[in-house]
Ligand code: ADP
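Numbering (the UniProt record's numbering), first residue to last: 271 to 767.
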C-alpha cells in the first residue's frame, strides 16, 4: 500500500484523503435503522471473499439524501472508519469549473486515486452539482461541462465489476429530485438511504453524543437538561444540536462556570433559533411592522392549531417577545400516540402553511419576509415525507420497490405530486384563515397589546368567533384529506407517458 501523502499536488486540491477517518457508528445517533443497513454493508466490505462465495456483493454505490446537517458526511466517514478503509472525498461543486474538460478529468483523478488504494471508499458530497438531470434548466451555467462530469462518473462506476469492485462510492445530496435518473440505475447508486430530521428521542441521543466531552453537574442533571433541549428542538438537525452544546460550552467558559447549566443551554438554544438579533429582550425595541407581522403569524398558527387540533400535541401559549424564523407557539408532547392517519400528515402540512399564507394575505405576495420561511420549508418537507416515506400516496409503493426503473421520470412525478399536496395545503389553509378571519384579528390584537396569549384564551376566541363560510377546497375525504381517487380514478394516478 502506498502512503496517502503520495497523491499528486493537483489532485490534493480538491480531493481530501484520509487513511483512516477514526469515525464509527457510535458517533452517529438517532435513526438506528440507517446504521443497521449500513452495518450490513460494512460487514460485506470486511469479509469480502466470504460473502462473494455466497453470492452476496456489496452495492457499488450508496446515495444518502436529506437536508444539510443531518449527518450524511458523518455516516460516510463512519462506514470507512468501521470497515477500516481509506476515505477519498470530493465535493460535486468543485468538479464544475469554467474550464472545459476539468470536470471529467477530476472525476477520473478521484476514481484513480481511490483505485490505487483498494479497497477504499469514495465520498462525493453535493453530488447534485454535477449529477443533475441532463437537458433540464441550466442553472448557473456550465451545463455541458457538468454533463461531461456526470458521464465520467457513470463510466467509472460501470467500469468496475461488482465482484472485484473494492471501491464503494457514497454520494450525498439534499436534492434527490434533480438527480439524473441514470445515476440511480442498478449497478450505480442502487442503495438509496434517506437521512431525515431526528425525532425527539433521536435528538436526545444526538445531544448525548455531543455532550460526551462536556461537563455537567451530575449524570442525572445532564439527562434532564438534554431531555428538555430535545423537547424544544423540533425540526433541528444534528449539526444544529451540536452547535447548541458547543455554544453552551462557550457561554459556560465565558461566565467562568465549571458546569453547563440550564441557563447556558437555553441561551444557546435561543441563539441557534434566532436568525435575527435585536440585541434586546423586550419587543418594544422591534420595528412596528415586524411586530405586526409576528402577531399575525402567531395568530394564524393558533387558529390552524384549533382547526386541526392534535390531541397528542396540544399548544400551550405563544408570544411575540422574540423574533424567530419559526413560530413561537409552544406545545406539550403527550406520549401514547399509537398511529398516524394520512389525514394527520396532510393536516400537519396545512398547519405549517399558516405563516406563509397569512403573510401573503395581509402584506401581499411581493411583500413576504423571512419570518415565514422556516415553516414553509417544513410544509414541503412534510409533503415529501408523506409521499416518499409513508407509502400512503399513489407513488409510495412504487418508490419502495424500486427508485426509478418502474416509473419513468419518477423524480419529476414525485415533484408534481408534492406540488399537488402543497397547493391543496395552501388553499385549505387560506380558506380556514378567511373563515376565521375575525378570530385571527382578535388574537393579533391581544398579542400586540400584551405580547403573549395562553391556550385557554385562544380557544375561547376561536370558539366564539363569527365565521365566514368558505367554499370547499378540492375534494376532501372523510378525514378531511385529499381524495386522489376522486380525481384520478380508483386505481390511483394514471401516469401520462
Ligand atoms: P451533512 O453531510 O448531512 O450536511 P454532516 O455530516 O456534515 O451533515 O453533519 C455535521 C455535523 O453535525 C457532524 O459532523 C456531527 O458532528 C453533527 N451531526 C449531524 N447529525 C448527527 C447525528 N445524527 N448524530 C451525531 N452527530 C450528528
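Yeah, the Cβ is synthetic: ideal placement off N, Cα and C, and Gly gets one too.
Relative to the C-alpha of residue 351, which residue among 525, 380, 391, 470 is closest?
391
Would you decide whether residue 616 is buried or exposed? Buried here means 16 or more other CB atoms lie within 10 Å of its CB.
-> buried
Please list the segments of the beta strand (DSSP E) lying wholly inside the region 300-357, counting only runs of 3 or more residues, in order along the chain.
-> 331-335
- Message: Any residue with its Cβ nearer than 5 Å to a heavy atom of the ligand ADP should be included. What is that list in chain order?
- Response: 298, 299, 300, 338, 339, 340, 341, 342, 343, 344, 476, 479, 508, 509, 512
- Query: Over what stretch of residues does the beta strand (DSSP E) that includes residue 439 continue unbroken?
  - Reply: 437-443
Margin query: Tell me whether the region 453-465 and the region 335-346 touch, counting them as touching only if at least three CB pairs, one residue from each stretch, are closer than 8 Å.
Written below: yes
Original post:
Do the CB positions of residue 573 and residue 710 come within less than 9 Å of each other?
Top reply: It is a contact, given that the beta carbons lie within the stated cut-off.
**Item:** 8 Å contact criterion, which residue 601 and residue 585 should meet: CB distance rounded
**Value:** 5 Å
- Ordered list of alpha helix (DSSP H) runs contained in the region 717-744, each at least 4 residues: 725-734
Q. For residue 574, does the three-state DSSP call read helix, strand or coil?
A. helix
- Message: So, for residue 518: in the same chain, excluding its five sequence neighbours on each side, which residues have a beta-carbon less than 6 Å away from its beta-carbon?
- Response: 530, 534, 535, 538
Span of the beta strand (DSSP E) around residue 296:
Note, residue 296: premise wrong, no beta strand (DSSP E); not H, not E.
query = Can you round the beta-carbon distance between residue 703 and residue 570 to whole angstroms, since I take them to be within the 8 Å contact cut?
reply = 6 Å
Original post:
Since residue 639 contacts residue 737 with CB under 8 Å, what's their CB separation in whole angstroms?
Top reply: Residue 639 to residue 737, Cβ: 29 Å. No contact.
Q | Contact between the region 486-504 and the region 312-326 (3+ Cβ pairs under 8 Å) | A | no
Practice problem: Identify the continuous beta strand (DSSP E) that holds residue 464 and give its terminal residues. | Solution: 461-464
**Prompt:** Going by Cα to Cα distance, which pick from 440, 444, 451, 436 is closest to residue 421?
**Reply:** 451
Practice problem: Assuming residue 423 and residue 377 form a contact by the criterion Cβ under 8 Å, report the distance between their Cβ atoms to the nearest whole angstrom. | Solution: 6 Å
Q.
Mapping the DSSP letters down to three states, classify residue 701 as helix, strand or coil.
A. helix
- Message: If you reduce the DSSP assignment to three classes, tell me which class residue 286 lands in.
- Response: strand
Worksheet item: Ordered along the chain, which non-local residues of its own chain (more than five positions away) have a Cβ less than 6 Å from that of residue 469?
Response: none
Burial state of residue 356 (16 or more Cβ within 10 Å)
buried
- In angstroms, rounded to a whole number, what distance separates the CA positions of residue 476 and residue 484? 14 Å
Taking DSSP's pairing of strands, which residues face residue 361 in a bridge?
395
Just mark residue 345 as buried or exposed, buried being the case when its beta carbon has 16 or more other beta carbons within 10 Å.
Classification for residue 345: buried.
* To do: Could you please give me the residues that DSSP links to residue 589 through a beta bridge?
  => 722
Practice problem: Kindly provide the ranges of any alpha helix (DSSP H) runs that are 4 or more residues long and lie completely inside the region 485-546, ordered along the chain. | Solution: 489-501, 508-524, 532-543
*Which residue or residues does DSSP assign as beta-bridge partners of residue 601?*
585
According to DSSP, is residue 595 helix, strand or coil?
-> coil
With 9 Å set as the bound, which would you pick, yes or no: does the beta-carbon of residue 605 sit closer than that to a beta-carbon of chain B? Looking at the structure shown, chain B is missing, and only one protein chain is on hand.
(message) Suppose the cutoff is 6 Å on Cβ atoms and the five residues either side in sequence are ignored; what does the same chain contact list for residue 402 look like?
(response) Close CB contacts of residue 402 within its chain, under the 6 Å cut and outside five residues either way in sequence, are with 448 (chain order).
Practice item. Give me the Cα-Cα distance between residue 654 and residue 459, rounded to the nearest whole angstrom. Key: 21 Å
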